[in-house]
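Residue numbers (the working numbering), protein chains in the order written: chain W, 3 to 112; chain H, 10 to 123.
Every residue gets a Cβ at the ideal spot worked out from N, C-alpha and C, and that includes glycine.
Values in this document were obtained by computation on a predicted structure and should not be read as measured data.
Below: the structure, in structure tokens.
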Amino acid sequence: EDQVTQSPEALRLQEGESSSLNCSYTVSGLRGLFWYRQDPGKGPEFLFTLYSAGEEKEKERLKATLTKKESFLHITAPKPEDSATYLCAVRENTGNQFYFGTGTSLTVIP
Amino acid sequence: SAVISQKPSRDICQRGTSLTIQCQVDSQVTMMFWYRQQPGQSLTLIATANQGSEATYESGFVIDKFPISRPNLTFSTLTVSNMSPEDSSIYLCSASLTVNTEAFFGQGTRLTVV
């Protein structure tokens, strides 16, 4: 059973068109939920950590939120340089590894 | 945060040979991980590198094929042994300062087996 599911798989936005990416998870106890950005040919770049439901983190045009079953990455007025694949990962209380979703490929069109 | 240096960044290898990938972290970390990423796909965990003991491998990955060393808290190596074209992929090193914090990644090693 998949522990982390991301949607949509791909998203095309016009510059300035706000939207949200979803990450739903099924773990028995959440130690942390993590958002990453990955550009082609590079390793994932850390964005945010969320630890408990209700928590929110912001960085420039990005805002991450967390509930008991899912997280959203809100992108406000995106720019072409926001184009990348966004990955979500969770870490359980019972283990040390990270479980990654399959990612959302975001394209922002000028 | 931690800065991770991984080398080589890319290599083209003959089938049947082995390649060792090195991962150096600029600070002492608790956890180190090795991932494989096929083009356009997400990350698949190969193993957790344990300092001073044998690595913990995920289902589908075995020590004979992917031996891992971690002699100290800042360095690890992954060897891809007896390579076949199916081993062509991007291999990523990752490290986490504590069991509660985020993981940081190296730039990856793009391996092509011919």
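Count the C-beta pairs between the segment 91-105 of chain H and the segment 105-112 of chain W that are closer than 8 Å, then say yes if the count reaches three, no if not.
no
Can you tell me whether W/Q99 is buried or exposed, with buried defined as 16 or more other CB within 10 angstroms of its CB?
Position 97 of the first sequence, counted from the first residue, corresponds to residue 99 of chain W. With 16 or more Cβ atoms within 10 Å of its Cβ, W/Q99 is classed as buried.
For H/Q50, which option in W/V92, W/P80, W/E11 and W/H76 has the closest C-alpha, if you only look at C-alpha atoms?
Working through the second sequence from its first residue, we reach residue 50 of chain H at position 41. If we check each option's Cα against that of H/Q50, W/E11 comes out closest.
Quick check on W/F36 - is its C-beta less than 8 Å from some C-beta in chain H?
What you label residue 36 of chain W is simply residue 34 of the first sequence in a count that begins at 1. Yes, its Cβ sits closer than 8 Å to a Cβ of chain H.
Along the chain, which unbroken stretches of the beta strand (DSSP E) at least 3 residues long are found entirely within the segment 12-76 of chain H?
13-16, 19-22, 28-34, 40-46 and 52-58
Given a threshold of 16 other Cβ atoms within 10 Å of its Cβ, counted over all protein chains shown, does W/S30 qualify as buried or as exposed?
As a working note, residue 30 of chain W is residue 28 in the first sequence. The residue in question, W/S30, is exposed, as its Cβ has fewer than 16 Cβ neighbours within 10 Å.
For W/Q99, go through chain H and note every residue whose CB falls closer than 9 Å to its CB, in chain order.
The count along the first sequence starts at 1 and reaches residue 99 of chain W at position 97. Ordered by position in chain H, the residues that pass the 9 Å Cβ test against W/Q99 are M40, F42, L54, T57, T65 and E67.
Suppose the cutoff is 7 Å on Cβ atoms and the five residues either side in sequence are ignored; what does the same chain contact list for W/T7 look like?
Here residue 7 of chain W corresponds to residue number 5 of the first sequence, with the count starting at 1. Here the set comprises S26 and G103.
So, does the CB of H/S36 fall closer than 8 Å to a CB anywhere in chain W?
Locating residue 36 of chain H in the second sequence gives position 27, counting from the first residue. For H/S36, the answer is no, since every Cβ of chain W falls outside 8 Å of its Cβ.
In angstroms, rounded to a whole number, what distance separates the CA positions of W/W37 and H/S93?
Locating residue 37 of chain W in the first sequence gives position 35, where the first residue counts as 1. Locating residue 93 of chain H in the second sequence gives position 84, where the first residue counts as 1. Roughly 33 Å separates the two Cα atoms.
Is H/E95 helix, strand or coil by DSSP?
On the second sequence, residue 95 of chain H is found 86 positions in, with the first residue counted as 1. In this structure, H/E95 counts as helix in the three-state DSSP scheme.
Could you run through the segment 105-121 of chain H and flag, in chain order, every residue whose CB is less than 9 Å away from some CB of chain B?
Going by chain labels, chain B is absent from the structure shown, which instead holds the protein chains W and H.
Pull the bridge partners of W/Q75 from the DSSP assignment, please.
Translated into positions along the first sequence, residue 75 of chain W becomes position 73. Before going on, a small fix: residue 75 of chain W reads as Leu here, not Gln. For W/L75, which the question treats as bridged, DSSP gives the partners W/L23 and W/A66.
Check W/E94 in the structure and name its three-state DSSP category.
The residue you call residue 94 of chain W lines up with position 92 of the first sequence. The answer is strand: DSSP assigns W/E94 an E or B state.
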